[in-house]
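Notes follow the structure.
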Ligand code: SF4
Ligand code: SF4
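Pasting the structure below:
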């Protein structure tokens with residue numbers, strides 16, 4: 012007698028329709044009546060195949076469920092926890108983040124680099140030299156293997172404090188790409204305080220992807236994003252510069268990145284200001300990374316509030332999408348992209364996997380946040396990437412090693428959360444960020460519902476995620 016087992020899945024509804032989220036593969040499956048009755052029958056345990064295939068329709072439904080991995084036969088192995096095993100050797104790099112300076116002209120009160128959550132005492136001010144930037148580019152190409160689409164991101168401190176290194180690095184990387192038959196794209200994050208017409212024009216001419224760190228309208232921006240010596244807010248400096256950038260650079264979408272703190276949880280107001288009043292294409296929100304007890308850390312009530320605000324913005328997103336329009340709520344787009352691709356993550360992000368960061372002095376780190384922080388170094392651009400450190404990281408960071416996550420239904424999307432946040436909070440980057448789990452699960456459930464509504468109401472809208480690169 013052959014027994015059939017249900018694989019791990021989470022069922023959910025959107026309107027009248029019923030769906031299942033297949034946990035190991037992140038696939039969304041719409042459930043018709045035949046499929047539903049098979050899954051209903053398997054809810055209280057395995058059943059003989061004959062008991063499930065009492066009609067020709069049921070046979071087809073069972074075959075389809077087996078094909079997508081929603082059920083498996085007796086003796087057949089269940090789909091592994093994730094589809095990705097620990098890579099036997101570090102995968103080729105696709106992205107390198109250059110911290111072109113560790114200095115900043117602002118002293119945002121929550122900054123991981125300068126605030127109470129830094130991993131080490133601040134290093135003396137450093138700027139990356141053109142030579143180190145070139146060696147970083149060489150490192151990327153040397154480690155890129157079969158990847159022919161590469162990404163170089165310029166970061167800081169405040170990136171534009173060392174603008175002079177960026178142009179030569181872009182030219183050099185393009186030359187290397189031509190020689191190697193590869194394509195290289197560039198992006199940059201800035202606080203916008205140093206943008207000038209000339210820089211904005213250069214960014215546009217070179218099609219550099221730009222993300223602006225900004226927290227919202229004047230009273231919100233000025234509460235945390237301030238100049239160090241005077242404590243003066245930065246809104247009046249950045250607003251005209253951003254408007255000029257957006258008026259000059261119209262050929263590539265420009266996004267804003269907002270850091271939310273306990274003092275600033277007003278998503279609708281911030282979103283309205285940054286999209287409608289300033290003209291950003293997209294806005295991404297990130298709750299501040301902090302250890303507990305800091306007055307700007309977002310507590311449980313704040314997280315509930317945030318979820319409600321995300322829910323309301325999500326409803327507007329669906330409304331717009333059903334009318335064929337795009338509402339630039341980047342957090343939701345990112346999740347929809349992952350669901351659409353069926354991303355099954357064995358690691359929370361690309362850090363150490365296809366991405367590494369480089370500190371101004373050339374020390375290689377797991378990502379831009381770890382670069383230059385002693386114990387976390389992964390080599391140096393002069394001597395190359397320390398492969399053994401990457402192997403160790405990939406072994407210890409794999410989702411299969413995170414016992415707390417092993418029964419969690421969102422593990423193939425969350426995979427434990429940001430290493431840097433875990434390092435700050437628990438002193439161990441491999442610890443899952445368990446303080447966010449309920450929030451992540453509710454937010455993911457919300458994303459699945461949105462996905463299903465779009466699948467039903469305007470599936471063409473989801474085509475935009477077909478080619479989307481998810482970091
Ligand atoms: S960190 Fe929490 S939400 Fe994320 S996979 Fe682990 S248990 Fe699930
Ligand atoms: S999610 Fe965290 S660990 Fe990963 S790249 Fe971002 S900051 Fe670094």
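In the numbering used here, the protein residues as written are 12 to 482.
A virtual CB, placed ideally from N, CA and C, is assigned to each residue, including glycine.
Small disclaimer: the values here were computed from a predicted structure and weren't measured.
Quiz item: Would residue 200 pass as a contact of residue 222 if the rule is Cβ separation under 8 Å?
Solution: On the chain shown, residue 200 is found 189 positions in, with the first residue counted as 1. On the chain shown, residue 222 is found 211 positions in, with the first residue counted as 1. Yes, Cβ-Cβ distance for residue 200 and residue 222 is below 8 Å.
Quiz item: Quick one, which of 456, 381, 139 and 404 has its alpha-carbon nearest residue 321's?
Solution: Along the chain shown, one-based indexing puts residue 321 at 310. Out of 456, 381, 139 and 404, the CA that lies nearest to the CA of residue 321 is found in 456.
Quiz item: Between residue 486 and the rest of its own chain, which residues show a CB-CB distance below 6 Å, the 5 nearest in sequence each way excluded?
Solution: Nothing about residue 486 can be read from this structure; the chain reaches only from 12 to 482.
Quiz item: Under 7 Å from any heavy atom of ligand 1, does the C-beta of residue 415 make it?
Solution: Start at 1 with the first residue of the chain shown, and residue 415 comes out as number 404. Yes - ligand 1 has a heavy atom lying nearer than 7 Å to the Cβ of residue 415.
Exercise. Taking only runs that begin and end inside the region 19-91, name each unbroken beta strand (DSSP E) of 3 or more residues, in chain order.
Key: As far as the region 19-91 is concerned, its whole beta strand (DSSP E) runs of at least 3 residues are 20-25, 28-33, 38-41 and 82-84.
Quiz item: From 424, 417, 361 and 391, pick the residue whose C-alpha is nearest to that of residue 162; which is it?
Solution: By one-based count along the chain shown, residue 162 stands at place 151. Looking at the Cα atoms, 361 is the closest of the given residues.
Practice problem: Measuring alpha carbon to alpha carbon, tell me which of 249, 471 and 460 ends up nearest residue 41. | Solution: Residue numbering aside, residue 41 sits at position 30 when the chain shown is read from its first letter. Selected option, being the one with the closest Cα: 460.
Quiz item: Across which residues does DSSP place residue 391 in a beta bridge pair?
Solution: As a position in the chain shown, residue 391 is number 380, starting the count at 1. Paired residue(s): 374 and 395.
Quiz item: Can you list, in chain order, the stretches of the alpha helix (DSSP H) that have 4 or more residues and sit fully within the region 277-356?
Solution: For the region 277-356, whole alpha helix (DSSP H) runs of length 4 or above, ordered along the chain, are 278-283, 311-333 and 341-352.
Exercise. Just mark residue 93 as buried or exposed, buried being the case when its beta carbon has 16 or more other beta carbons within 10 Å.
Key: On the chain shown, residue 93 is found 82 positions in, with the first residue counted as 1. Note that residue 93 has pLDDT 45, beneath the 50 cutoff, so the model's placement of it is unreliable and no number is given.
Practice problem: Tell me whether residue 194 is buried or exposed, calling it buried when 16 or more other Cβ atoms sit within 10 Å of its Cβ. | Solution: As a position in the chain shown, residue 194 is number 183, starting the count at 1. Exposed, by the Cβ-count rule.
Quiz item: Which residues in the same chain as residue 112 place their Cβ atom closer than 8 Å to its Cβ, once the five residues preceding and following it in sequence are excluded?
Solution: The residue labelled residue 112 in the question sits at position 101 within the chain shown. Cβ neighbours of residue 112 within its own chain (closer than 8 Å, five residues either side excluded): 136, 137, 138, 139, 167, 168, 169, 170, 172, 173 and 371.
Self-check item: Through-space distance from residue 297 to residue 227, alpha-carbon basis
Solution: Counting from 1 along the chain shown, the entry for residue 227 is found at position 216. Counting from 1 along the chain shown, the entry for residue 297 is found at position 286. If I take the Cα positions, the gap works out to 13 Å.
Exercise. Can you give me the Cβ contacts of residue 91 inside the same chain, cut-off strictly under 6 Å, excluding the 5 residues immediately before and after it?
Key: As a working note, residue 91 is residue 80 in the chain shown. Confidence is the limiting factor: at residue 91 the pLDDT is only 47, short of 50, which leaves the residue's position unreliable, though a coordinate-based value still follows. For residue 91, there are no CB contacts under 6 Å within the same chain when 5 residues up- and downstream are skipped.
Quiz prompt | Sufficient close CB pairs (3 or more, under 8 Å) joining the region 420-432 to the region 346-358 | solution = Because the criterion of three Cβ pairs below 8 Å is met, the region 420-432 and the region 346-358 touch.
Quiz item: For residue 153 and chain C, any beta-carbon pair shorter than 8 Å?
Solution: Included in the structure is just one protein chain, with no chain C present.
Quiz prompt | Three-state secondary structure (DSSP) of residue 233 | solution = Walking along the chain shown from the start, residue 233 turns up at place 222. Helix at residue 233.
Exercise. Taking residue 206 and residue 252 to be in contact with their CB atoms under 8 Å, please state how far apart those CB atoms are, rounded to whole angstroms.
Key: Indexing the chain shown from 1 puts residue 206 at position 195. Indexing the chain shown from 1 puts residue 252 at position 241. Residue 206 to residue 252, Cβ: 4 Å. Contact.
Practice problem: With ligand 2 as the reference, list in chain order each residue whose Cβ lies under 7 Å from any of its heavy atoms. | Solution: For ligand 2, the selected residues are 359, 360, 361, 362, 366, 377, 378, 379, 380, 381, 429, 430, 431 and 432.
Quiz prompt | residue 483 - DSSP class collapsed to helix/strand/coil | solution = The shown model of the chain, from 12 to 482, leaves out residue 483, and the question about it has no answer.
Quiz item: Quick one: does the C-beta of residue 251 sit closer than 7 Å to a heavy atom of ligand 1?
Solution: Stepping through the chain shown from its first residue, residue 251 is reached at position 240. Flag unset: Cβ of residue 251 not near ligand 1.
Quiz item: Thinking C-alpha only, which one of 104, 248 and 97 is nearest residue 116?
Solution: Residue 116 sits at position 105 when you count from the first residue of the chain shown. When each option's Cα is compared against that of residue 116, the closest is 248.
Exercise. May I ask whether a heavy atom of ligand 1 can be found less than 7 Å away from the beta carbon of residue 109?
Key: On the chain shown, residue 109 is found 98 positions in, with the first residue counted as 1. In this structure, residue 109 has its beta carbon at no less than 7 Å from each heavy atom of ligand 1.
Self-check item: Any non-hydrogen atom of ligand 1 within 7 Å of residue 451 CB
Solution: The sequence position of residue 451 within the chain shown is 440, counting from 1. Yes; taking the cut-off as 7 Å, the Cβ of residue 451 has a heavy atom of ligand 1 nearer than that.
Practice problem: Just tell me which of 33, 101 and 67 has its CA closest to the CA of residue 79. | Solution: What you label residue 79 is simply residue 68 of the chain shown in a count that begins at 1. With distances taken between Cα atoms, residue 79 lies closest to 33.
Exercise. Determine the closest residue to residue 54 out of 157, 358, 15 and 308, with distance taken between C-alpha atoms.
Key: Within the chain shown, the letter at position 43 stands for residue 54. Closest option to residue 54, Cα to Cα, is 15.
Practice problem: Could you tell me whether any non-hydrogen atom of ligand 1 is closer than 7 Å to the CB of residue 36? | Solution: For the purposes of this step, residue 36 is taken as the residue at position 25 of the chain shown. Ligand 1 has no heavy atom closer than 7 Å to the beta-carbon of residue 36.
Quiz prompt | Cα-Cα separation, residue 439 to residue 406 | solution = For the purposes of this step, residue 439 is taken as the residue at position 428 of the chain shown. For the purposes of this step, residue 406 is taken as the residue at position 395 of the chain shown. Residue 439 and residue 406 have their C-alpha atoms roughly 15 Å apart.
Quiz prompt | Per-residue DSSP class, three states only, for residue 94 | solution = Numbered from 1 along the chain shown, position 83 holds the residue referred to as residue 94. At residue 94, the pLDDT of 49 sits below 50, so the modelled position is not reliable; the number obtained from the coordinates is stated separately. Here residue 94 sits in coil by DSSP.
Quiz item: What first and last residue would you give for the alpha helix (DSSP H) that runs through residue 461?
Solution: Position 450 of the chain shown, counted from the start, is the residue given in the question as residue 461. Annotation: the continuous alpha helix (DSSP H) that includes residue 461 extends over 448-468.
Quiz item: Near residue 165, which residues of its chain fall below 6 Å by C-beta distance, leaving aside the five closest residues on each side in sequence?
Solution: Sequence index remark: in the chain shown, residue 165 carries index 154 (1-based). For residue 165, where only same-chain residues beyond five positions count, the Cβ hits under 6 Å are 109, 111, 177 and 199.
Exercise. Select from 183, 449 and 208 the residue whose C-alpha is nearest the C-alpha of residue 196.
Key: What you label residue 196 is simply residue 185 of the chain shown in a count that begins at 1. Among 183, 449 and 208, the Cα nearest to that of residue 196 belongs to 183.
Quiz item: According to DSSP, is residue 112 helix, strand or coil?
Solution: Taking the first residue of the chain shown as 1, we reach residue 112 at position 101. Looking at residue 112 - three-state DSSP - the assignment turns out to be strand.
Quiz item: Which first and last residues belong to the alpha helix (DSSP H) in which residue 195 is found?
Solution: As a position in the chain shown, residue 195 is number 184, starting the count at 1. Run containing residue 195: none in the alpha helix (DSSP H); it sits in the beta strand (DSSP E), 194-201.
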